[in-house]
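Notes follow once the structure below has been shown.
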Amino acid sequence: MSKTALVTGASRGIGLETVRRFILQHDEITTVVMFARESEDFDAAVAELEAQLPIGRKVVPVRVDVGDREALKKAVKSAHDEVGSIDILVNNAGYTNPVPLQQVKMADFEKTMSVNLYAPFTIVKTLLNRGNRFELIVNIASTAGINGRSGWLTYSASKAAVINMSQVMREELAIYGTRVVCLSPGRTATALRRTLAPEEDPSTIMQPEHVAQVIYTLSSPVGRFIDSENIVVRQ
Ligand SMILES: NC(=O)c1ccc[n+]([C@@H]2O[C@H](COP(=O)([O-])OP(=O)(O)OC[C@H]3O[C@@H](n4cnc5c(N)ncnc54)[C@H](OP(=O)(O)O)[C@@H]3O)[C@@H](O)[C@H]2O)c1
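The working numbering applies: residue 894 is where the sequence shown begins, and numbers increase by one.
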């Protein structure tokens, strides 16, 4: 069977490593829709993947700010028109701007919620309302959503909400045969982690490939035997 995946935050880090595994190694995924904002890095990542694509496989890059709800809905609809049913969705795009709580700007809190929480919800709702039946939805939360961390109020709160939202999706979408998994990585060497912990040596922590490999396993035939609401992946 030929399957289609959609991965947000596909320009780098965990998202890009997930796309790499899906399109180059997966037995069944033949199309991957990649969401990220327009950037040279995104163009380079797409070009690098396209140069290695096996025959009959394709990536479909979509340049969109997932924090812009109207633009996101439009992008989801046109991607769905172009590729058809989305079997596997990985809600991975994430944003953080850590500051002490006295300095939190509401606009930034709202942006954090828009990118980390409302975007995954909007993608799922938009596709469900178009009759899309997912096989698997993976929502990327964080261990910061399990335990709040000092200085990370907006990020921790958004990720806690992703964990809870995933439980609701899991219950509501079970009737369609959809598996919903929340995956909470611990510290992983990416640009986002550098924003959260600028002093840390990235070579001492988990790499994005490790998290991507777990997502890949969830999407493989053995993945349906992994029955957990919130999978924690950490060193
Ligand atoms: N790294 C960690 O330690 C860690 C730990 C726990 C959870 N996580 C979660 O893992 C996920 C992936 O993050 P990462 O660590 O791989 O970080 P990353 O390398 O910085 O990647 C973040 C991705 O999100 C995308 N993104 C951010 N804002 C966006 C927006 N407004 N519209 C569209 N795309 C946007 C970025 O794309 P563009 O900027 O190119 O648009 C990029 O592809 C996030 O949800 C993060 O919260 C990370």
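Every residue, glycine too, gets a C-beta built ideally from N, C-alpha and C.
In this structure, how does DSSP classify residue i when only helix, strand and coil are distinguished?
i	result
Asn1022	helix
Ala937	helix
Met999	helix
Val925	strand
Leu1111	helix
Arg913	helix
Leu1076	strand
Arg1042	coil
Asn1123	strand
Ile1030	strand
Going by C-alpha to C-alpha distance, which of the options sits closest to residue i?
i	options	result
Asp958	Leu994, Arg1086, Pro1013	Pro1013
His1103	Val983, Asp961, Arg914, Ile1056	Arg914
Lys1018	Asn985, Asn1040, Lys970	Lys970
Val925	Glu933, Val1061, Pro947	Pro947
Glu921	Glu1092, Met894, Asp1094, Arg1042	Met894
Gly949	His919, Met1006, Glu1064, Thr989	His919
Ser1121	Pro1091, Gln1060, Pro1101	Gln1060
Taking residue i and residue j to be in contact with their CB atoms under 8 Å, please state how far apart those CB atoms are, rounded to whole angstroms.
i	j	result
Ala1034	Lys1052	5 Å
Ala1054	Leu1010	5 Å
Phe1027	Thr1071	5 Å
Starting from the C-beta of residue i, find all residues in its chain whose C-beta is less than 6 Å away, skip the five residues before and the five after it, and write them out in chain order.
i	result
Pro991	Gly1044, Trp1045, Leu1089
Below 7 Å CB to CB, which residues in the same chain sit around residue i once its five sequence neighbours on both sides are set aside?
i	result
Ala1129	Since the first residue of the chain shown is 894 and the last is 1128, residue 1129 is not available in this structure.
With the cut-off set at 7 Å, would you say residue i and residue j are in Cβ contact?
i	j	result
Arg952	Ile916	Here the sequence assigns Val to residue 952, which means Arg is not the residue at that position. Yes.
Val1073	Leu1111	no
Thr1015	Arg930	no
Val1107	Val1125	no
Leu1130	Ile979	No answer is possible for residue 1130: the residues shown for the chain start at 894 and end at 1128.
Leu982	Ala938	no
Ser1077	Thr1036	yes
Within a Cβ cutoff of 8 Å, which residues of the same chain sit near residue i, ignoring the five residues on either side of it in sequence?
i	result
Ser1096	Ala1082
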